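Just so we're aligned: the sequence shown equals residues 8 to 238 in our numbering.
Backbone N, C-alpha and C define an ideal beta-carbon position, used for all residues, glycine too.
Everything numeric in this text was worked out from a predicted model, so none of it was measured.
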Amino acid sequence: MRYLLIPILLVSAACGLSARPWFCTDGNTELVYTRYYAGDGSVKWTHTMNIMDVSESRSDSSLIVTYSSFIRTSDGKGLENMDSPAVMTAYVSPEGDVTLDIAASMVSVLRGVLWKNARITAEGGHTLLPAELTVGDTLQSAAGKVRALGMTLNVTVTDRKVLGTDTICTPAGTFPCVIVSEHKVEKGMMRNRVTTAHTWYARGIGMIRHDTYDKNMKLETSEILEKIIRK
8 MRYLLIPILL VSAACGLSAR PWFCTDGNTE LVYTRYYAGD GSVKWTHTMN IMDVSESRSD
68 SSLIVTYSSF IRTSDGKGLE NMDSPAVMTA YVSPEGDVTL DIAASMVSVL RGVLWKNARI
128 TAEGGHTLLP AELTVGDTLQ SAAGKVRALG MTLNVTVTDR KVLGTDTICT PAGTFPCVIV
188 SEHKVEKGMM RNRVTTAHTW YARGIGMIRH DTYDKNMKLE TSEILEKIIR K
């Protein structure tokens with residue numbers, strides 16, 4: 008059995024935050040992306056991200072953002088035959104730092120692939136995207152592990168650093184961005200893959216572009232923000 012993980016994408020602006028995060032905290036907002044093959048420019052999939060709910064923690068005034076992610080391949084089907092979006096949670100501190108639980112995100116993805124009562128366990132750390140990013144910054148590494156059907160999938164994200172700044176134009180608009188690089192290794196569940204990603208983030212929106220390179224640093228795909236829908 009082969010599983011593909013929905014990319015963990017950080018996509019914000021919110022009252023009460025000291026800095027605008029690199030994640031969308033506007034409720035009822037839909038971000039639509041298209042992923043293209045680098046070789047011939049053909050479409051690999053369409054990725055839709057919906058900000059479902061935004062609430063404030065009573066303990067520390069951080070924001071709890073519930074969002075969904077769904078990928079539809081070029082044949083019109085959900086990725087790995089998923090029939091419903093994966094629902095995930097991001098946490099935004101009062102300072103604007105964004106934290107995502109890698110293991111919990113992987114569990115959400117697998118629940119959309121496996122049968123309803125399948126036993127899934129997970130453990131792992133968190134990935135952090137600070138509100139203040141400067142060219143040359145090194146960001147903390149992260150790792151997650153998920154077990155299901157007697158198999159284990161390990162994901163590690165290392166060598167995270169801020170490469171530079173750029174102003175990028177997409178069908179959704181023009182955005183000033185920072186570019187973050189990270190190295191990802193996935194092992195297990197018939198998915199053994201090593202990639203490097205360069206991601207463009209804009210304040211108040213989040214991910215604008217996501218380039219994936221293979222282990223030899225050959226560009227494989229580019230995912231681009233096509234439109235922003237305010238509901």
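Using only the alpha-carbon positions, how far apart do Asp221 and Pro101 sit?
36 Å
According to DSSP, simplified to helix, strand and coil, what is Ile212?
coil
Could you tell me which whole beta strand (DSSP E) segments of length 3 or greater appear in the segment 34-86?
36-44, 50-63 and 70-80
Beta-carbon spacing of Asn35, Ile58 below 9 Å:
yes
How would you call Gly131, buried or exposed, if buried means at least 16 neighbouring beta carbons within 10 angstroms?
buried
Excluding five sequence neighbours on each side, which residues of the same chain lie with their C-beta closer than 6 Å to the C-beta of Thr145?
Lys168
Through-space distance from Arg154 to Gly195, alpha-carbon basis:
10 Å
For the segment 65-85 against the segment 133-142, do three or more pairs of beta-carbon atoms, one drawn from each stretch, fall closer than 8 Å, so that the two count as touching?
no
Beta-carbon proximity of Ala129 to Gly103, cut-off 9 Å:
no
N-terminal and C-terminal residue of the beta strand (DSSP E) that Ala97 is part of:
Ala93 to Val99
Quick one: what's Pro183 bridged to in DSSP?
Thr174
Helix, strand or coil for Met229? Go by DSSP, reduced to three states.
One detail in the question is off: residue 229 reads as Ser in this sequence, not Met. Three-state DSSP puts Ser229 in a strand.
Please report the residue range of the alpha helix (DSSP H) in which Val114 lies.
Ile109 to Arg118
Helix or strand or just coil, what does DSSP make of Met224?
coil
Count the C-beta pairs between the segment 75-88 and the segment 212-221 that are closer than 8 Å, then say yes if the count reaches three, no if not.
no
Does Ala292 come out as helix, strand or coil in the three-state DSSP assignment?
Lying before the first or after the last residue shown, residue 292 is absent from the chain, which here runs from 8 to 238.
Which stretch, first to last residue, makes up the beta strand (DSSP E) that contains Ala138?
Segment: none, Ala138 is in no beta strand (DSSP E) and carries neither H nor E.
Per DSSP, the bridge partner or partners of Arg126
Answer is none; Arg126 lacks a bridge partner.
Quick check on Arg198: does DSSP put it in helix, strand or coil?
coil
Buried or exposed by the 16-neighbour rule on C-beta atoms within 10 Å, applied to Val162:
buried
How big is the Cα-Cα spacing for Ser81 and Thr55?
14 Å
For Thr177 and Ile235, what's the separation of their Cα atoms in angstroms?
11 Å
Which residues in the same chain as Gly317 place their Cβ atom closer than 6 Å to its Cβ, once the five residues preceding and following it in sequence are excluded?
Since the first residue shown for the chain is 8 and the last is 238, residue 317 is missing from the structure and cannot be characterised.
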